[in-house]
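A.B. asks: Below are the structure tokens for one structure; questions will follow.
Protein chains: 2
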Amino acid sequence: MVQDQLSRVFAALADPTRRDLVARLAQGDATVGALAAPYDVSVQAVSKHIKVLTDAGLVSQTRDAQRRPCHLEAQVLDLTTKWIERYRRQAEERYERLDAVLAEAQSTSQSTRRTRNQGAVS
Amino acid sequence: MVQDQLSRVFAALADPTRRDLVARLAQGDATVGALAAPYDVSVQAVSKHIKVLTDAGLVSQTRDAQRRPCHLEAQVLDLTTKWIERYRRQAEERYERLDAVLAEAQSTSQSTRRTRNQGAVS
DNA sequence: CGCCTTATCAACTAACTGGTTGACAACTGT
DNA sequence: ACAGTTGTCAACCAGTTAGTTGATAAGGCG
Chain A
40 MVQDQLSRVF AALADPTRRD LVARLAQGDA TVGALAAPYD VSVQAVSKHI
90 KVLTDAGLVS QTRDAQRRPC HLEAQVLDLT TKWIERYRRQ AEERYERLDA
140 VLAEAQSTSQ STRRTRNQGA VS
Chain B
40 MVQDQLSRVF AALADPTRRD LVARLAQGDA TVGALAAPYD VSVQAVSKHI
90 KVLTDAGLVS QTRDAQRRPC HLEAQVLDLT TKWIERYRRQ AEERYERLDA
140 VLAEAQSTSQ STRRTRNQGA VS
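Sequence order for the protein chains is A and B. For what it's worth, my numbering labels the leading residue of the first sequence as 40, then goes sequentially. For what it's worth, my numbering labels the leading residue of the second sequence as 40, then goes sequentially.
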């Protein structure tokens with residue numbers, strides 16, 4: 040898996056089971072066994088999911104006797120929101136500019152010229 | 040592909056090429072050919088990526104002669120941020136509560152016995 | 001009309017994923 | 001020291017994915 044962290048985080052969250060694990064870890068740390076209990080899959084399968092999450096940096100594991108309590112590294116979630124917000128905002132701004140241009144074009148073609156950059160239409 | 044939209048969106052964004060396509064579409068609509076040009080892969084490969092993005096609802100395509108201009112549906116990005124924010128906030132609140140509890144425990148008694156944590160803490 | 005451009009479809013391949021089972025490592029507790 | 005608990009590793013399998021090439025559809029243009 041030679042991939043950037045952002046890709047690993049998105050990929051990790053693309054699986055419903057793993058999203059569910061994240062949701063449960065948001066409520067508190069838990070051991071692998073406890074996390075696996077509600078699912079109809081082997082503990083090994085859940086262990087693999089946890090590995091994907093840890094490789095993405097979303098989860099860390101400590102040690103408590105035989106147990107490996109899992110802990111959600113919530114700040115890593117921000118990597119994705121930061122990326123997304125950047126482009127969502129960019130697209131939004133572009134729409135506003137486009138709307139302004141359209142409004143401008145309409146006002147000039149229909150009547151006397153108006154000043155630039157009238158407010159954006161919603 | 041029998042999967043919920045949230046999974047499809049996360050999976051779509053898990054690929055660096057597709058994230059790059061999204062980034063470029065955030066700056067304006069573009070045809071498949073124009074999108075493919077900068078990459079060292081076939082147009083077909085990019086067309087497939089676009090299909091993944093459209094299946095996730097992130098991109099829509101119209102028709103202009105032979106061309107299929109792609110348009111970013113930026114609001115779909117919010118699906119992911121909404122999901123993430125929910126759990127990031129939940130985890131954050133839990134930390135605040137935990138901090139409060141710890142502060143309380145420290146101020147009242149120094150010899151608090153720690154019980155084993157088998158399942159999820161609530 | 002034929003030809004070129006643009007994009008998708010179809011079939012194939014190599015790599016990856018998510019699951020399984022079995023072995024075993026790490027540690028507890030009597 | 002030994003049995004039991006907890007979790008990971010290894011090997012395997014079936015399904016998916018990201019790429020390829022070749023064929024074809026859809027439409028403008030000389």
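By construction, the Cβ of each residue, glycine as well, lies at the ideal position given by its N, Cα and C atoms.
List, in chain order, every chain B residue whose beta-carbon is nearer than 9 Å to that of A/Pro-55.
C.D. replies: Gln-42, Asp-43, Leu-45, Ser-46
A.B. asks: Using a Cβ-Cβ cut-off of 8 Å, state whether A/Val-61 counts as contacting chain B.
C.D. replies: yes
A.B. asks: Using DSSP with H/G/I as helix, E/B as strand and the rest coil, what is A/Val-98?
C.D. replies: strand
A.B. asks: Flag this pair as yes or no: are the beta carbons of A/Ala-130 and B/Ala-65 separated by less than 8 Å?
C.D. replies: A distance below 8 Å separates the beta carbons of A/Ala-130 and B/Ala-65.
A.B. asks: If you run the structure through DSSP and keep just helix, strand and coil, what is A/Arg-128?
C.D. replies: A/Arg-128 falls in the helix class under three-state DSSP.
A.B. asks: Closer than 8 Å by C-beta to A/His-88: which residues in its own chain qualify, once you throw out the five before and the five after it? Chain order, please.
C.D. replies: Asp-54, Thr-56, Arg-57, Leu-60
A.B. asks: Check whether the Cβ atoms of A/Ala-51 and A/Leu-92 sit closer than 8 Å, and answer yes or no.
C.D. replies: yes
A.B. asks: Which word fits A/Leu-97, buried or exposed, when buried means at least 16 other C-beta atoms lie within 10 angstroms of its C-beta?
C.D. replies: buried
A.B. asks: Closest to B/Trp-122 by CA distance: which of A/Arg-127, A/Leu-116, A/Tyr-126 is it?
C.D. replies: A/Leu-116
A.B. asks: Would you identify the three-state DSSP class for B/Asp-54, choosing helix, strand or coil?
C.D. replies: coil
A.B. asks: For B/His-110, which beta-bridge partners are listed by DSSP?
C.D. replies: B/Ser-99
A.B. asks: I want to verify the contact list: residues of chain A whose CB lies under 9 Å from the CB of B/Thr-93, in sequence order.
C.D. replies: Near B/Thr-93 there are no residues of chain A at all, since even the closest Cβ is about 16 Å away, more than 9 Å.
A.B. asks: Look at the alpha carbon of B/Arg-127 and the alpha carbon of A/Leu-45, and state the distance between them as a whole number of angstroms.
C.D. replies: Rounded to whole angstroms, B/Arg-127 to A/Leu-45 spans 16 Å at the Cα level.
A.B. asks: Drop a sphere of 10 angstroms on the beta-carbon of A/Thr-70, count the other beta-carbons inside from all chains shown, and report buried for 16 or more, exposed for fewer.
C.D. replies: buried
A.B. asks: Roughly how far, in whole angstroms, is the beta-carbon of B/Val-48 from the beta-carbon of B/Ala-113, given that I think they are within contact range, below 8 Å?
C.D. replies: About 12 Å separates the two Cβ atoms, so there is no contact after all.
A.B. asks: Are the beta-carbon atoms of B/Arg-133 and A/Gly-67 separated by less than 8 Å?
C.D. replies: yes
A.B. asks: Starting from B/Ile-123, find everything on chain A with Cβ-Cβ shorter than 7 Å and list it in chain order.
C.D. replies: Chain-ordered, the chain A residues with CB closer than 7 Å to the CB of B/Ile-123 read Leu-116, Thr-119, Thr-120.
A.B. asks: Residue range of the alpha helix (DSSP H) that A/Gly-72 falls in?
C.D. replies: 71-75
A.B. asks: DSSP state of B/Tyr-134, grouped into three classes?
C.D. replies: helix
A.B. asks: Just confirm the distance between the C-beta atoms of B/Pro-108 and B/Thr-101, as a whole number of angstroms; I'd bet it's less than 8 Å.
C.D. replies: 6 Å
A.B. asks: Please classify B/Ala-65: does DSSP put it in a helix, a strand, or coil?
C.D. replies: Coil, per DSSP.
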